[in-house]
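Below is one structure, written out as structure tokens, with a few remarks after it.
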Amino acid sequence: MKIINTYSFKGGEKFLKTKHPKELAEVLEAIKNLDATTCLTKESAEKTMKGALLFSPRDMNHHMKTALHKKNWTAKASDKKKEYAEPRHAFGKGRFREMDGMKNKVGLEIQFGKYAFMGYDIFSKMIIFKNLGYIECGIEVVPAAELVKQMSTGVSSFDQLLVDFNNRGESNIDIPVFVIGIGLTDQEKEKAIKLKELFKNDRKGALTSFKLRKYHGSKPGPK
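Dropping the structure here:
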């Protein structure tokens with residue numbers, strides 16, 4: 001994948017490049033090394049694009065976290081269901097907050113969900129983890145608008161997040177955050193077109209090349 005847009009909230013880009021260049025480089029490398037077409041695994045059940053092959057937010061999130069787990073952004077999972085365990089803070093009685101990754105005071109969120117979740121990550125969750133002493137800055141990875149068009153309805157984009165940045169302003173409780181909007185390389189775009197055409201014209205044949213992700217519950221919407 002490649003970087004399409006960036007936004008430096010409260011000097012986030014300069015802060016990371018100055019104080020945490022290694023951590024920033026590891027996240028950028030994880031983005032660059034992710035082949036988005038391996039995440040083209042979701043069959044739409046929505047009326048407007050029923051049967052279409054879409055990019056799976058869950059798979060993109062999982063592949064990035066798996067790569068970053070090798071760089072110690074997450075801990076080793078205690079069970080066998082997955083390789084990594086996201087860093088979390090428990091408040092008791094089943095209440096907790098969790099981040100996608102954390103390393104050397106840098107918090108990471110990989111957000112392919114609804115618009116409200118993107119704002120919550122930056123304006124609330126990261127502040128909580130800062131107040132708890134875990135982080136001093138953050139990185140938020142989100143899809144660029146062109147990628148969102150190939151996902152389920154409901155996934156927000158970098159452009160939507162800009163509305164908050166441009167109208168909310170900065171607060172003295174905010175922390176430096178570098179927001180990265182990601183999209184497809186030219187090679188991934190070409191491969192995605194071919195896979196979608198194959199799935200449309202020869203579904204059985206296409207499924208010999210890849211497997212669709214199994215979803216529990218309603219298929220439409222981001223997962």
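In our numbering, the protein residues as written are 1 to 223. Quick reminder that beta carbons are idealized off the backbone N, C-alpha and C, glycines included.
Drop a sphere of 10 angstroms on the beta-carbon of residue i, count the other beta-carbons inside from all chains shown, and report buried for 16 or more, exposed for fewer.
i       : result
Ala-75  : exposed
Asn-61  : buried
Pro-21  : exposed
Glu-83  : exposed
Gly-169 : exposed
Lys-211 : exposed
Asn-187 : Just to set this straight, residue 187 is Gln in the shown sequence, not Asn. Per the 10 Å Cβ criterion, exposed.
Asp-202 : exposed
Phe-178 : buried
Ala-30  : buried
Glu-109 : buried
Ile-173 : exposed
Ser-156 : buried
Using DSSP's beta-bridge definition, name the partner residues of residue i.
i       : result
Val-177 : Phe-9 and Gly-138
Arg-88  : Glu-98
Gly-183 : Lys-2
Specify, as a first and last residue, the run of the beta strand (DSSP E) that residue i falls within.
i       : result
Arg-95  : 95–98
Ala-144 : Ala-144 -> no beta strand (DSSP E), and no H or E assigned at all.
With DSSP run on the structure shown, which of helix, strand or coil describes residue i?
i       : result
Lys-103 : strand
Lys-214 : coil
Pro-222 : Only weak support is given to the placement of Pro-222: the predicted model assigns it a pLDDT of 38, under 50, and the value that follows is read from those uncertain coordinates. Residue state, collapsed to three classes: coil.
Lys-2   : strand
Glu-170 : coil
Gly-154 : coil
Lys-17  : helix
Leu-195 : helix
Leu-161 : helix
Leu-108 : strand
Leu-34  : coil
Hey, quick one: how far does the alpha helix (DSSP H) through residue i stretch, first residue to last?
i       : result
Lys-114 : That residue, Lys-114, is in no alpha helix (DSSP H); it is neither H nor E in DSSP.
Gly-205 : 203–206
Ile-127 : 126–131
Taking CB distances under 8 Å as the criterion, tell me whether residue i reaches chain C.
i       : result
Asn-131 : This model lacks chain C altogether, as it is built from one protein chain only.
- Item | Residue ranges of each alpha helix (DSSP H) within the stretch 37–82, 4 or longer | 57–69
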